[in-house]
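As structure tokens, the structure follows; a few thoughts come after it.
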Amino acid sequence: MRQYLKLFVATAIVGTCVTGAVVAQEMDLTKKETYDQIMTWAKEPLDTSNYKKEGDLRIGLSAGYLSNAWINFTAQSVKYEASLHPEIKEVKVTDAAFNPTKQAADIEDLLTSGVDAILFWPVDEKAILPVLQKAHEKGVVTINIGYNFMRDPAVTSNAYVNQWTYSEQVATEFAKSLNGKGKVFAMLPIAGSSAAVVQLAVLQEVLKGYPEMELISSEYGDWDRAKAKQLAENLLQRFPEIDGAFSPAGQMSMGIYEAFDEAGRLGELTLSPGDDYNGWAKLVAKEGKWGSVTSGLEVGREAVKQAVSILTGKPTTTAVVVPTRYLAPAEAAKLNEADRPDDWFKTDLPTEFLPQ
Amino acid sequence: MSTMTDSLWRPTRLPSLEEAAVWIVLAALLLLAGLTSDAFFKLNYLTNLVRQAAPVGITAVGVTFVMLLRGVDLSVGAIVSMSAVACALVMDGKPENLWLGILAASACGALIGLANGILIAHGKVSSFIMTLGMSIVVYGLVQMGTGGTARGIVSPGFRETLNSRIGGVLPVLVICLLVAVSFGVFLQSRTRFGRSAYLIGANPEAARLAGLPVNRVTVIAYIVSGLFAGLGGLALLARTGVSGTNPGAGMEFDVLAAVVLGGATFAGGRGSVGGTFAGVMVLFIALNLANVAGMPFAAQLIIKGLIIIAASAAHSWIGSRSGGRS
Amino acid sequence: MRPRGTAALVYQELPRIYWALIALILIGVATGPQFRTLSNLANILDQSAVLAVLALGQAFVIAGGMIDLSVGQLVGLITVVACMMFDAFPGMSLLVIVGCIALAALVGLINGELINRLRMPPLILTFGMLSVLQGCIFVLTDRSVGQVAPAIAFLSNGRVLGVPASLLLVAIVAAAAYYVLQRSVFGWHLLAMGNSADSARKAGLNLFSLTRFAFLVSGLCAGIAGLLVAGRLGTGFPNAGNGLELDAIVAVVLGGTPLKGGRVSVAGILGAVLFLGVLNNLLNLMQVPAFTQIVVKGLIVITATLADRPGRVVRPA
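Chains as they are written, first to last, in the numbering used here: chain A, 197 to 552; chain B, 1239 to 1564; chain C, 2 to 318.
Below, the structure is given as structure tokens:
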């Protein structure tokens, strides 16, 4: 038994050393330059001649996580936009439930069923590449609608929300509303997700410009209101002074808000802007502060348009970039649809395409 | 009848040291927590901690009965989700639908529990796999029913009341948890169902020969488990509002860990609602402690695992010392 | 009692899940031209390999009346460690492969050893270990890391003379599992332990070494499965193994091995894994909405469990 333990410890040490030694050779998501480079790439013309196809079109959508309201609404807007193009005969939707292995299988099945284009929200950008390679070899158009730009021969195009700009808008407005001072914590999405990686990097970058602001903790709230609330409650316990919370996802901000409220410390809380999540918009309307940054829900529709352009041989660029905008509290409050549920996004989808 | 059952029941009572084990662990942990941060002795913080534990705690009370009967209920996480989502849907933001929503949530839980119970008692199949299958079905039904976004709106007043503190001190949710625990203790020790559950769990064959209605008690246990999970869903809805379609995801495993920490074993016939409550608190204090000590996410996961292992090991150690079964 | 020809024998011996599998395949063949292609068959086999290996490992534990919930996160850990190592030591793939499998087997051994020494129920120990392993993964990385050696990528996706390489690997693992579980003295002892630990102990069997070995095999298989996942994904994704332990348990049970142990069928498990693979594939091809797919799968687990409940003579313990 003892020698096993020694071996285990040795393996663990080697493992840890190796982690340190691994040098990221792919896109560095934590550097602003990467995103400037992405914007340059996005404008490059795309050669669509290889993909041109006559007749009916079939589109597959591989969602990473369909029980998340944002992805759900994106999927609905894909269906809506597809209905506006008569040449699109069908849209097939699969859900990987945050399992990359299932997503690989889903995409293989979509390929078997003969789709012409696959729109995908990747569970993980790297883990999806091998199966996208198979799609590419079959001449199927692949369009990324996930958080991060993907530049790879296997990815035909991106419908892209610049996560750096988005997070930067959130972080900058946040710093401003705190007058550049105070102890703050970050509420991030699922540990290991690229969204969490980017948001933390941006926050740290922005905070460099504000030496009087201190990041006291980073938490992973899994896009989950309940989890965010519990984490915030614990932080309230840990730190006698908290001045603000960086939380770009509105549903997690709501959990934070409630934790502070119930601890009787709402007065000391400054929240970062959230997104266009309806529950958050209700809160902004009620409080009259903090604002929102639009999350780029249009990517679903843009991705379908892009797929159609590519498949019909129209000239287009490598990526469509969907801009995000900061909305001051007064304007953000207008996103509020009081008679809609919290778990909802403001869209211009017709009723029959809203989630049923 | 009741005196006869009493005398039957007494020999299977747990050795007192084993019964006390989880409370000893809880006290030690609380002491450790107090040494780390004096906040743990502040009333406000302690009540807040208990409030955090309310959804898991209420759910765990029901699962205790299933585990007394050598079973396990993995569907409670999905039931919590369904209950929270259904309640908000029925309430639809209207004050007059308040009780209807609460009723709907409880009914959902009890009905799924009934289905579990009938299938397990009469189908004679493993509760692990049956409730696992049920949890998949229930999760899928919620997703189908909502289309992937939680569309309900909570009635005004519901969350406000449940989240308030009586006299500014005692949170209403803590009272709800204590009421649920007391009701559980009542079921366990003052009803024929509770006593039969111990007997059947300790030795199903003997209980059957003694004429106890094994199937009926099993079905009731799963209904109770489902019902408490439904109430746990209400507590979760009160605590965090409508938050997605799967707010109870993974909760079944926290509940399972808490019940086992509380002294229940897979061999059945052991454990108690009081122990389960202590088990829930051990779990939550441990996680809070890891968090308050500023440990990173990864370390918290490791701590959680080690605590489950250590507490369960302590149980079997104390159990063997006090002359329990090997 | 008299044998009534091959047909009767097949009917008696064939695990019941195969009838469901055959029905499913007939539906597939009847409804979709896409289902009938050889490449689709190869896809299904590739997609099923991870689960097959994992379920075969789990079978050792379940046959002995125990359970191993830690294998999902163990798969995740091995995926991450393997990809890191392949990246750091590009020329030493073989060493990394051996090292990873050894590490996984070691974790399995630790599980078994702790269960023996602490006298804990396997469910709760491996549940604790699940959390510990997940923590270890996030100590190593919070995002996808490293890359995979070409040999492993080939193992997961490649073809040997048109046959998926993963199928060959599964065949080897299955043959070994069949021999050990259903044809060796060890398997016989393990099943005896699953039937009744008390009687097995009284009969002089060493339950400690049986437990240790069963968990060692479970860990070993999780190691192989972890490498297969790495090959499928091409990267070490920290959440890669989430929930796989439950899938594996479902496959074992669908294959006719009851959770209380004492009975096992390697052929049944393979049939169940294939059944789940074909089911997923068909549901996708037939455009069953994603959420409906979940309900269908849950109902199948329930139905299959009820259909495969202990027979007429066996009295439940």
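Ideal placement from N, C-alpha and C gives every residue a C-beta, glycine not left out. This structure is a prediction, so every number in the text was calculated from the model and none was measured.
Residues of chain C with CB under 8 Å from residue i, in chain order?
{"i": "B:Ile1546", "result": "Ile125, Phe128, Gly129 and Ser132"}
{"i": "B:Met1372", "result": "Gly299 and Ile303"}
Tell me which same chain residues have a C-beta within less than 8 Å of the C-beta of residue i, skipping the five on either side of it?
{"i": "B:Gly1488", "result": "Gly1315"}
{"i": "A:Val219", "result": "Model confidence at A:Val219 stands at a pLDDT of 35, short of 50, so the residue's coordinates are unreliable; what they give is reported in the following sentence. If we look at A:Val219 and ignore the five residues flanking it on each side, it has no Cβ neighbours."}
{"i": "B:Asn1226", "result": "Missing from the structure shown is residue 1226 of chain B; chain B here goes from 1239 to 1564 and no further."}
Go through its chain and collect everything with a Cβ distance to residue i's Cβ below 7 Å, but skip five positions before and after it.
{"i": "C:Val274", "result": "Ser49, Leu52, Ala53, Ala56 and Ala252"}
{"i": "B:Val1376", "result": "Ser1313, Ala1316, Ile1317, Met1320 and Ile1350"}
{"i": "B:Ala1476", "result": "Phe1396, Arg1397, Leu1400, Asn1401 and Leu1411"}
{"i": "A:Met346", "result": "Glu321, Asn340 and Asn354"}
{"i": "A:Ala217", "result": "At A:Ala217 the pLDDT is 40, less than 50, meaning the model places this residue with poor confidence; the figure from the coordinates comes in the next sentence. There are no such residues."}
{"i": "A:Phe294", "result": "Gly260, Tyr261 and Val319"}
Give the range of the alpha helix (DSSP H) segment to which residue i is assigned.
{"i": "B:Asn1401", "result": "Phe1396 to Asn1401"}
{"i": "C:Asn282", "result": "Val267 to Leu286"}
{"i": "C:Leu169", "result": "Ala166 to Arg184"}
For residue i, go through chain C and note every residue whose CB falls closer than 7 Å to its CB, in chain order.
{"i": "A:Leu262", "result": "Ala291"}
{"i": "B:Thr1503", "result": "Pro122"}
{"i": "A:Lys288", "result": "Gln288"}
Could you check whether the Cβ of residue i sits closer than 7 Å to any Cβ belonging to chain C?
{"i": "B:Ile1391", "result": "no"}
{"i": "B:Ala1476", "result": "no"}
{"i": "A:Lys322", "result": "yes"}
{"i": "B:Val1498", "result": "yes"}
{"i": "B:Ile1461", "result": "no"}
At a Cβ threshold of 7 Å, is residue i touching chain A?
{"i": "C:Cys238", "result": "Here the sequence assigns Phe to residue 238 of chain C, which means Cys is not the residue at that position. Judged by the 7 Å Cβ criterion, C:Phe238 is in contact with chain A."}
{"i": "C:Asp143", "result": "yes"}
{"i": "B:Val1294", "result": "no"}
{"i": "B:Asn1529", "result": "yes"}
{"i": "C:Arg160", "result": "no"}
{"i": "C:Arg37", "result": "no"}
{"i": "C:Gln288", "result": "yes"}
{"i": "C:Leu277", "result": "no"}
{"i": "C:Leu234", "result": "yes"}
{"i": "C:Asn112", "result": "no"}
Quick one: measure Cβ to Cβ for residue i and residue j, integer angstroms, because I've assumed they're closer than 8 Å.
{"i": "C:Leu307", "j": "B:Val1363", "result": "6 Å"}
{"i": "C:Val81", "j": "C:Leu134", "result": "Not a contact, Cβ separation roughly 10 Å."}
{"i": "B:Val1480", "j": "B:Ala1343", "result": "That belief does not hold up - the Cβ atoms of B:Val1480 and B:Ala1343 are roughly 13 Å apart, past 8 Å."}
{"i": "C:Phe216", "j": "C:Asp69", "result": "6 Å"}
{"i": "A:Val489", "j": "A:Ile255", "result": "Actually they are not in contact, since the Cβ atoms of A:Val489 and A:Ile255 sit about 29 Å apart, beyond 8 Å."}
{"i": "C:Leu229", "j": "C:Ser167", "result": "6 Å"}
{"i": "B:Val1530", "j": "A:Asn268", "result": "Incorrect: roughly 35 Å between the Cβ atoms, too far for contact."}
{"i": "A:Val274", "j": "A:Leu315", "result": "6 Å"}
Span of the beta strand (DSSP E) holding residue i?
{"i": "A:Gly256", "result": "Leu253 to Ala259"}
{"i": "A:Asp291", "result": "Ile284 to Asp291"}
{"i": "A:Gly378", "result": "Gly378 to Leu384"}
{"i": "A:Met448", "result": "Run containing A:Met448: none in the beta strand (DSSP E); it sits in the alpha helix (DSSP H), Gly446 to Glu458."}
{"i": "C:Phe36", "result": "Careful: C:Phe36 lies outside any beta strand (DSSP E) and carries neither H nor E."}
{"i": "A:Ala515", "result": "Ala515 to Val518"}
Could you work out which residues of chain B lie near residue i, taking near to mean beta carbons separated by less than 7 Å?
{"i": "A:Asp538", "result": "Gly1479 and Val1480"}
{"i": "A:Asp420", "result": "Ser1481 and Gly1482"}
For the ligand ADP, is there a heavy atom less than 6 Å away from the beta-carbon of residue i?
{"i": "C:Met194", "result": "Among the components of this structure there are no ligands whatsoever, and the ligand ADP is therefore not found."}
For residue i and chain B, any beta-carbon pair shorter than 7 Å?
{"i": "A:Val218", "result": "Residue confidence for A:Val218 is low, a pLDDT of 39 falling below 50, so the modelled location carries little weight and cannot support an answer."}
In chain B, which residues lie less than 8 Å from residue i when you measure between Cβ atoms?
{"i": "A:Lys425", "result": "Arg1477 and Thr1478"}
{"i": "C:Thr306", "result": "Gly1361, Val1363, Ser1364, Ile1367, Met1368 and Gly1371"}
{"i": "C:Lys261", "result": "Ser1364"}
Applying a beta-carbon distance threshold of less than 9 Å, which residues of chain C neighbour residue i?
{"i": "A:Gly388", "result": "Ile138, Phe139, Thr142, Asp143, Arg144, Ser145, Phe238, Pro239 and Asn240"}
Could you work out which residues of chain A lie near residue i, taking near to mean beta carbons separated by less than 7 Å?
{"i": "B:Phe1535", "result": "Ala387 and Tyr416"}
{"i": "B:Gly1532", "result": "Arg434"}
Could you list which residues in chain A have their beta carbon closer than 9 Å to that of residue i, in chain order?
{"i": "B:Gly1464", "result": "Simply none; closest approach about 21 Å."}
Leaving out the 5 sequence neighbours to the left and right, which residues in its chain are closer than 6 Å to residue i when beta-carbon positions are compared?
{"i": "B:Arg1403", "result": "Pro1409"}
{"i": "A:Val393", "result": "Leu225"}
{"i": "A:Gly492", "result": "Val357, Val518 and Thr520"}
Quick one: which chain A residues come within Cβ less than 8 Å of residue i?
{"i": "B:Ala1291", "result": "Simply none; closest approach about 10 Å."}
Output, in sequence order along the chain, the residues in the stretch 1360-1389 of chain B whose CB is closer than 7 Å to any CB in chain D. Absent from the structure: chain D. Protein chains present are A, B and C.
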